[in-house]
Amino acid sequence: MQANFRRIDVIAARQIIGRGRALVIDVRDPDSFARGHIDGAELATRENISSFVTLTPKDRPVVFCCYHGNSSQAYAKYFAEQGFSDVYSLDGGYEAWAIAERSAPPATAALSPALEAFLAEHGFAPGDANGRNKDNVTPLMVAARLAPPALVAELLQAGADLHATNVDGNQALWLACVGEIEENIALLIRAGIDIQHINVNAATPLMFAASSGRARAVAQLMAAGADPSFETGLGLTALDMASTKECLDLMRAEVKRRKVLAAAS
-1 MQANFRRIDV IAARQIIGRG RALVIDVRDP DSFARGHIDG AELATRENIS SFVTLTPKDR
59 PVVFCCYHGN SSQAYAKYFA EQGFSDVYSL DGGYEAWAIA ERSAPPATAA LSPALEAFLA
119 EHGFAPGDAN GRNKDNVTPL MVAARLAPPA LVAELLQAGA DLHATNVDGN QALWLACVGE
179 IEENIALLIR AGIDIQHINV NAATPLMFAA SSGRARAVAQ LMAAGADPSF ETGLGLTALD
239 MASTKECLDL MRAEVKRRKV LAAAS
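Numbering (our numbering), first residue to last: -1 to 263.
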């Protein structure tokens, strides 16, 4: 039987941790941990990581937290392989957790009638900027793909979680690229969303945009610093996946520009 772990967003992590049984393991460096960490988290080091494996009951939930949600996946996979049945990796890492803590809106914050109507139309509970509907997506994911920028901006102002993921591991930026509403993409990027976030297939938003011929989204992502040379598990990059010459040319031109700037610095 294949060992598995689950990637979760901040909202899911809060729910799991809030039940009181979870072990939260922080795999960042000691200085970063000292500057801030999830309440109750334990710092993992090379010296003590094995003790977590041997001393923790295998049925205890374990949540791994790193900087941005990448290295925590390797630790989660390892623990799952050691027989732990309830293992999680926090998408976005401590950065996502800290942002969510800082941006949490007051409980009394009221949403506009237009946004409340949008929530109702798409099956979300009223007044909840971070709720989930029957498709297990958040309002920000749906709005990023379909809604006017004003609603996306309001959701962000209301504390919508940038790092929440759907069942495919995609964040709102991926959905914004699907809709290719340029201002929505720009709003998410300015808010600090992870442009290099990878989904369950190790694909980035740039890979999707390039493979689907969405040149405007490609241009925005490249301008924001997206890496076209990042590889999937199969060794494919966004450059390999480009379905149109326009998308390929946009990425190649930006790569060339970056090399010129690097050589001049």
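Cβ atoms here follow ideal geometry from the backbone N, Cα and C, with glycine treated the same way.
Can you tell me the Cα-Cα spacing of A151 and L185, whole angstroms?
Sequence index remark: in the sequence shown, residue 151 carries index 153 (1-based). Sequence index remark: in the sequence shown, residue 185 carries index 187 (1-based). Between A151 and L185, the C-alpha separation is close to 7 angstroms.
Under the three-state reduction of DSSP, which class applies to E99: helix, strand or coil?
Numbered from its first residue, the sequence shown carries residue 99 at position 101. Here E99 sits in helix by DSSP.
Stretch-stretch touch, CB-based, cutoff 8 angstroms, three pairs: the stretch 73 to 81 with the stretch 44 to 64:
Three or more Cβ pairs closer than 8 angstroms define a contact, and the stretch 73 to 81 meets that threshold against the stretch 44 to 64.
Can you say whether S241 is buried or exposed, counting buried as having 16 or more other CB atoms within 10 angstroms of its CB?
Translated into the one-based positions of the sequence shown, residue 241 becomes position 243. With fewer than 16 Cβ atoms within 10 Å of its Cβ, S241 is classed as exposed.
DSSP bridge partner residues for S87 (one or two, in chain order)
Residue 87 sits at position 89 when you count from the first residue of the sequence shown. In the DSSP assignment, S87 is bridged to R5 and F62.
Starting from the C-beta of N164, find all residues in its chain whose C-beta is less than 7 angstroms away, skip the five residues before and the five after it, and write them out in chain order.
What you label residue 164 is simply residue 166 of the sequence shown in a count that begins at 1. The beta carbon of N164 sits closer than 7 angstroms to those of N134, V135 and M139, all from its chain and outside the five residues before and after it, given in chain order.
How is the beta strand (DSSP E) around V22 delimited, first residue to last?
The count along the sequence shown starts at 1 and reaches residue 22 at position 24. Secondary structure note for V22: its beta strand (DSSP E) is the uninterrupted segment L21 to D24.
Return helix, strand or coil for N128, following the three-state DSSP convention.
Within the sequence shown, numbered from 1, the residue matching residue 128 stands at position 130. Reduced to three states, the DSSP call for N128 is coil.
N197 classed as buried or exposed, judged by whether at least 16 other C-beta atoms fall within 10 angstroms
In the sequence shown, residue 197 corresponds to position 199, counting from 1. In this structure N197 is buried. Its beta-carbon is surrounded by 16 or more other beta-carbon atoms within 10 angstroms.
In angstroms with no decimal places, state the Cα-to-Cα distance between T106 and E252.
The sequence position of residue 106 within the sequence shown is 108, counting from 1. The sequence position of residue 252 within the sequence shown is 254, counting from 1. Reliability of the predicted coordinates at T106 is poor, the pLDDT of 44 falling under 50, and no value is obtained from them.
Using a Cβ-Cβ cut-off of 6 angstroms (strictly less than) and excluding sequence neighbours within five positions of P146, which residues of its own chain qualify?
Here residue 146 is taken as the residue at index 148 of the sequence shown, counted from 1. Around P146: no qualifying Cβ.
Using three-state DSSP, classify E40 as helix, strand or coil.
As a working mapping, residue 40 is identified with position 42 in the sequence shown. In the three-state reduction of the DSSP assignment, E40 falls in the strand class, which pools E and B.
Limits of the unbroken alpha helix (DSSP H) element including E114
As a first step, residue 114 is located in the sequence shown; it is residue number 116 there, counting from the start. Run containing E114: P111 to E119, per the alpha helix (DSSP H) assignment.
Please determine, among T43, N168 and H161, the residue with the shortest C-alpha to C-alpha distance to D27.
Walking along the sequence shown from the start, residue 27 turns up at place 29. Out of T43, N168 and H161, the CA that lies nearest to the CA of D27 is found in T43.
Just tell me which of A200, I183 and H195 has its CA closest to the CA of V216.
Translated into the one-based positions of the sequence shown, residue 216 becomes position 218. Ranking the options by Cα distance to V216, first place goes to I183.
Can you check whether the CB of A236 is closer than 8 angstroms to the CB of A208?
By 1-based counting over the sequence shown, the position of residue 208 is 210. By 1-based counting over the sequence shown, the position of residue 236 is 238. Cβ atoms of A208 and A236: closer than 8 angstroms.
Reduced DSSP category for R212 - H, G, I as helix; E, B as strand; rest coil
In the sequence shown, residue 212 corresponds to position 214, counting from 1. Three-state result, R212: coil.
Per DSSP, what kind of secondary structure is Q218 in: helix, strand or coil?
As a first step, residue 218 is located in the sequence shown; it is residue number 220 there, counting from the start. Of the three classes helix, strand and coil, the one that applies to Q218 here is helix, per DSSP.
Going by the beta-carbon positions, is the gap between I23 and E45 smaller than 8 angstroms?
As a first step, residue 23 must be located in the sequence shown, where it is residue number 25. As a first step, residue 45 must be located in the sequence shown, where it is residue number 47. Not in contact: I23 and E45 (Cβ atoms no closer than 8 angstroms).
With burial defined as no fewer than 16 other Cβ atoms inside 10 Å of the residue's Cβ, what is the status of T52: buried or exposed?
Position 54 of the sequence shown, counting from 1, holds the residue named residue 52. Around the CB of T52, fewer than 16 other CB atoms lie within 10 Å, so the residue is classed as exposed.
Return the chain-ordered list of same chain residues with a C-beta closer than 7 angstroms to the C-beta of G121, the five sequence neighbours on each side being excluded.
Residue mapping note: residue 121 aligns to position 123 of the sequence shown, counting from 1. Around G121: N131 and K132.
As assigned by DSSP and simplified to three states, the class of A251
Taking the sequence shown and counting its residues from 1, the one referred to as residue 251 is at position 253. A251: helix per DSSP, three-state reduction.
So, for L154: in the same chain, excluding its five sequence neighbours on each side, which residues have a beta-carbon less than 7 angstroms away from its beta-carbon?
The residue you call residue 154 lines up with position 156 of the sequence shown. Within its own chain, the residues whose Cβ lies closer than 7 angstroms to the Cβ of L154, once the five positions on either side in sequence are excluded, are L185 and A189, listed in chain order.
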